[in-house]
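Under our numbering, the letters of the sequence shown match residues 5 to 168, in that order. We treat Cβ as the ideally placed atom computed from N, Cα and C, and that holds for glycine. The structure appears below as structure tokens.
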Amino acid sequence: MHHPAGRGYVPGMDDLVARAQIDVDADRHTVWRTLTDPERIRQWMGATVTSTWVEEAEISWHGEWDGRSFADHGRILQYLPESTLRMSHSGGTDADGVPHTLTFDLSDVGDGGTRVAVTQEHNVDEATRTRSEHTWAALLGALKGVAESYRPARSDVRGARTDG
Numbered sequence: 005m006h007h008p009a010g011r012g013y014v015p016g017m018d019d020l021v022a023r024a025q026i027d028v029d030a031d032r033h034t035v036w037r038t039l040t041d042p043e044r045i046r047q048w049m050g051a052t053v054t055s056t057w058v059e060e061a062e063i064s065w066h067g068e069w070d071g072r073s074f075a076d077h078g079r080i081l082q083y084l085p086e087s088t089l090r091m092s093h094s095g096g097t098d099a100d101g102v103p104h105t106l107t108f109d110l111s112d113v114g115d116g117g118t119r120v121a122v123t124q125e126h127n128v129d130e131a132t133r134t135r136s137e138h139t140w141a142a143l144l145g146a147l148k149g150v151a152e153s154y155r156p157a158r159s160d161v162r163g164a165r166t167d168g
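Following this line, the structure appears as structure tokens:
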């Protein structure tokens, strides 16, 4: 495995991977749009995101978190529509100097639902890993709400009726 070359890298930090996942009652297409459409991202993340969404493109996040403004940046590392979004992420105040690697993996679950699993690699210590897992759990809950609000209405033909 490639280790990031940069100040702040600590041997063993590759073991400090934050993980979170959630099942969403919406298809992959709807969830993917919620991950990559700037307006939808603003709804669940509270950030303005700018990117061309192609591999190696820059990505930036601007917003407010816990009452403080932030301006983060990174690169799109992998873009497989409706499957995998992987990117680097550095905050303007990252003390460790090592960018995180964020990966969103989508998979089918249940009857037309989507499981969203996120990993955040290169956490500098256990406290950072734990804090990141709590943050991602909350953000995925918000993403679920937004994605489910956009899902196409399911129609039950057996129960269909017309009022008229």
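- Sixteen is the threshold: when 16 or more other Cβ atoms of the shown chains lie within 10 Å of the Cβ of S92, as they do, the residue is buried.
- A distance below 8 Å separates the beta carbons of T52 and R46.
- Put simply, the backbone Cα of R44 is about 8 Å away from that of R37.
- A contact is defined here as three or more CB-CB pairs under 8 Å, and the segment 119 to 135 meets this definition with respect to the segment 18 to 32.
- Counted as a single uninterrupted DSSP element, the beta strand (DSSP E) harbouring L106 occupies residues H104 to V113.
- Distance from the Cα of H104 is smallest, within the candidate group G71, L81 and A30, for L81.
- Secondary structure note for V150: its alpha helix (DSSP H) is the uninterrupted segment E130 to Y154.
- Each residue's CA atom was taken as its position, placing G50 and G67 some 6 Å apart.
- Distance from the CA atom of G78 to the CA atom of D115, rounded to whole angstroms, is 35 Å.
- Sorting W57, D29 and Q124 by C-alpha distance to the C-alpha of P85 places W57 at the top.
- At the C-beta level, A24 and E137 come within 8 Å of one another.
- The distance from the Cβ of A30 to that of G145 is about 14 Å, inconsistent with a contact at the 8 Å cut-off.
- Under the three-state reduction of DSSP, T34 is assigned to helix.
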